[in-house]
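Using the working numbering, read the sequence shown as starting at 20 and increasing by one per residue.
From the three backbone atoms N, C-alpha and C, an ideal C-beta is built for every residue, glycine too.
Just so it is clear, the structure is predicted and the values come from calculations on it, not from any experiment.
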Amino acid sequence: MTAPLTLPTSTIPDPAEAPGLRWGVIAPGGIARNFIGTMHAATASRLVAVCSRSRERARVFARDFESDAGLATAYADVDEFLAHEGLEAVYVASPHAQHFALAKHVLEAGIPVVIEKPMTLNAEQARELFALGHQKGAYVQEAMWSCFMPHYDVIRQVIESGAIGEVTGVIAEHCQYFPFDPEHRLYAPELGGGALLDLGVYPLAFAHWVAGSPEEIHATGTLTATGVDEMISISGLRDRTVYAVQTGLGARGEVGAHVLGTRGKIDVDSWFFVPNSFTVTQFEAGERGEDLRMRFTYEDSLPYELPRHPEGGNFGMAFEIAEAARNIRAGRLESERWGAGDTLAVLEVMDRVREAIGVRYPGEEK
Ligand SMILES: NC(=O)c1ccc[n+]([C@@H]2O[C@H](COP(=O)([O-])OP(=O)(O)OC[C@H]3O[C@@H](n4cnc5c(N)ncnc54)[C@H](OP(=O)(O)O)[C@@H]3O)[C@@H](O)[C@H]2O)c1
Numbered sequence: 020m021t022a023p024l025t026l027p028t029s030t031i032p033d034p035a036e037a038p039g040l041r042w043g044v045i046a047p048g049g050i051a052r053n054f055i056g057t058m059h060a061a062t063a064s065r066l067v068a069v070c071s072r073s074r075e076r077a078r079v080f081a082r083d084f085e086s087d088a089g090l091a092t093a094y095a096d097v098d099e100f101l102a103h104e105g106l107e108a109v110y111v112a113s114p115h116a117q118h119f120a121l122a123k124h125v126l127e128a129g130i131p132v133v134i135e136k137p138m139t140l141n142a143e144q145a146r147e148l149f150a151l152g153h154q155k156g157a158y159v160q161e162a163m164w165s166c167f168m169p170h171y172d173v174i175r176q177v178i179e180s181g182a183i184g185e186v187t188g189v190i191a192e193h194c195q196y197f198p199f200d201p202e203h204r205l206y207a208p209e210l211g212g213g214a215l216l217d218l219g220v221y222p223l224a225f226a227h228w229v230a231g232s233p234e235e236i237h238a239t240g241t242l243t244a245t246g247v248d249e250m251i252s253i254s255g256l257r258d259r260t261v262y263a264v265q266t267g268l269g270a271r272g273e274v275g276a277h278v279l280g281t282r283g284k285i286d287v288d289s290w291f292f293v294p295n296s297f298t299v300t301q302f303e304a305g306e307r308g309e310d311l312r313m314r315f316t317y318e319d320s321l322p323y324e325l326p327r328h329p330e331g332g333n334f335g336m337a338f339e340i341a342e343a344a345r346n347i348r349a350g351r352l353e354s355e356r357w358g359a360g361d362t363l364a365v366l367e368v369m370d371r372v373r374e375a376i377g378v379r380y381p382g383e384e385k
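Set out below in structure tokens:
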């Protein structure tokens, strides 16, 4: 009989207590608004410089995020932006296809960088950025925000405790419906479009988080009229754990994740990659051989209070911002929670999946 489980608590420190850094943002679009809004609401870090392709857009962004540190300086030139006095970290929030060139520029200036997911279009580009970070002594982190969150931390602890037995399966899915629009970055090959890099990166990162880097990968998929991936099924094998990942932009799905073990399972609430709750079931572990269920409720399980989002959203990015701030201040070059090995392993899987279904981005022809 399995020993009844007591749920562990999260070991993720309060983001409000992380060091406050002076940040710059490149490409102030939709996700940059979330990131800087979260930074100001839930951490001690502050925006001091903004770089857009349009100085006017940078000015508008700076005005919208004026803080107790004052008004951030607006730039339309990356070199001028990188020369901003006292810049301690840069967040790159462009579409994926521009991540590599922009982050390379930042690292060449010796400045730590956090790059939106997926960090680059392929593993080769990411390898080059991590190597450059090491050479320049500058921190590099993919903004895989879920992997810095408390519920992922507790899921990892539950698995390691043996409470669900040996993990033999992972199922994760991220499908959303986006009406066909060849101009939208999700459909545009020149912007790194397709479901895999944008949506599939989350279930693949979850499967990697649980099972590790796969030895075997099989993938099938369909393509959009613009030649990027539309719906994909991926299966992976690592040691004795199989995983099944489904992703797509042509249908709306559950956005769920499940860890299957020989003596129990973990079902993460939808959407699994935002701050969320989950249920652990232990098979036949009760006194009369009944299944035992235990609930991890995200908000009740934190040892600190997080600020409430005025629009009912979440401040989940606070954990990745705090992780970067702590590591940069400590002089580390990558995160132990989601570092170079993790980013590269997932990008290598995505390279293999794209190869299998025939998706190549401009510049990858060789
Ligand atoms: N963590 C998350 O939850 C999450 C959610 C959504 C997206 N993302 C990631 O964040 C990144 C950006 O997504 P988004 O939805 O914010 O995209 P977006 O709004 O389409 O683009 C972000 C900004 O990038 C700049 N940009 C657009 N096209 C560019 C180009 N060709 N070259 C250089 N800069 C360009 C634009 O700013 P300027 O024109 O002002 O320079 C734009 O406002 C993607 O990699 C995506 O995967 C993450």
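Legend entry - Residue of A375, V372, P137 and L40 minimising C-alpha distance to A88: L40
Legend entry - Buried/exposed call for H227, threshold 16 Cβ in 10 Å: buried
Inset, instruction - Note down the Cα distance separating S64 from S86, rounded to an integer number of angstroms. - result: 10 Å
Inset, instruction - Under the assumption that A68 contacts A91 (Cβ atoms under 8 Å), give the Cβ distance between them as a whole number of angstroms. - result: 6 Å
Inset, instruction - Let me know if Q144 comes out buried or exposed under the rule of 16 or more other beta-carbons within 10 Å of its beta-carbon. - result: buried
Legend entry - Residues of its chain near N333, where Cβ-Cβ distance is below 6 Å and the 5 sequence neighbours each way are ignored: V293 and P294
Inset, instruction - Figure out for me which residue from A46, V79 and R351 has the closest Cα to the Cα of C70. - result: A46
Legend entry - Exposed unless 16 or more other CB atoms sit within 10 angstroms - verdict on F199: exposed
Inset, instruction - Count the C-beta pairs between the stretch 262-280 and the stretch 175-195 that are closer than 8 Å, then say yes if the count reaches three, no if not. - result: yes
Legend entry - Option in D310, E330 and F297 with minimal Cα separation from I178: F297
Inset, instruction - Find the nearest neighbour of P329 within the set T30, A61, A77 and P34, judged by alpha-carbon distance. - result: A61
Inset, instruction - Go ahead and pull the three-state DSSP assignment for A337. - result: helix
Inset, instruction - Compute the Euclidean distance between the alpha carbons of P27 and M163, then round it to the nearest angstrom. - result: 23 Å
Inset, instruction - Helix, strand or coil for T57, going by three-state DSSP, please let me know. - result: helix
Inset, instruction - Using alpha carbons as the reference points, say which of F84, R74, C166 and L126 lies closest to A341. - result: C166
Inset, instruction - For R345, collect the residues of the same chain with a Cβ closer than 8 Å to its Cβ; drop the 5 residues on either side in sequence, then sort them by chain order. - result: P32, A37 and P38
Legend entry - Expected contact under 8 Å - CB spacing of A112 and G48 to nearest Å: 6 Å
Legend entry - Minimum length 3: unbroken beta strand (DSSP E) runs contained in the stretch 111-199: 132-135, 159-162 and 186-194
Inset, instruction - State yes or no: is the C-beta of H124 within less than 8 Å of the C-beta of L101? - result: yes
Inset, instruction - Below 7 Å CB to CB, which residues in the same chain sit around E161 once its five sequence neighbours on both sides are set aside? - result: I134, K136, M138, W357 and T362
Inset, instruction - Enumerate in chain order the residues of its own chain whose CB-to-CB distance from A95 is below 8 Å, with the five nearest sequence positions on each side excluded. - result: C70, S71, R72, S73, R74 and A77
Legend entry - Classification of G156 by the beta-carbon crowding that lies within 10 angstroms, buried from 16 upward: exposed
Legend entry - Span of the beta strand (DSSP E) around W42: R41 to I45
Inset, instruction - Identify every residue that forms a DSSP beta bridge with G257. - result: It is Arg, not Gly, that sits at residue 257 in the sequence shown. DSSP lists T260 as partners of R257.
Inset, instruction - Give a yes or no on whether the C-beta atoms belonging to V159 and L126 are separated by under 8 Å. - result: yes
Inset, instruction - Answer yes if the stretch 277-292 comes into contact with the stretch 205-213, meaning at least three C-beta pairs across the two stretches below 8 Å, and no otherwise. - result: no
Inset, instruction - Less than 8 Å between the CB atoms is what I'm expecting for R372 and A207, so what's the real figure, rounded? - result: According to the sequence provided, residue 372 is Val. The question's Arg does not apply to it. Not really, about 19 Å apart at Cβ, beyond 8 Å.
Inset, instruction - Taking G240 as the reference, give the member of I253, L218, S29 and R52 with the closest Cα. - result: I253
Inset, instruction - Output yes or no for whether 8 Å exceeds the beta carbon distance between E257 and G231. - result: The residue you asked about is not Glu; residue 257 is Arg in the sequence shown. Result yes, Cβ atoms of R257 and G231 sit closer than 8 Å.
Inset, instruction - Report the rounded CA-to-CA distance for S180 versus T25, giving the unit in angstroms. - result: 10 Å
Inset, instruction - Please report the Cβ distance between G43 and H115, rounded to the nearest whole angstrom; I am assuming they are in contact, meaning their Cβ atoms lie under 8 Å. - result: Their Cβ separation, rounded to whole angstroms, is 20 Å, which puts G43 and H115 out of contact at 8 Å.
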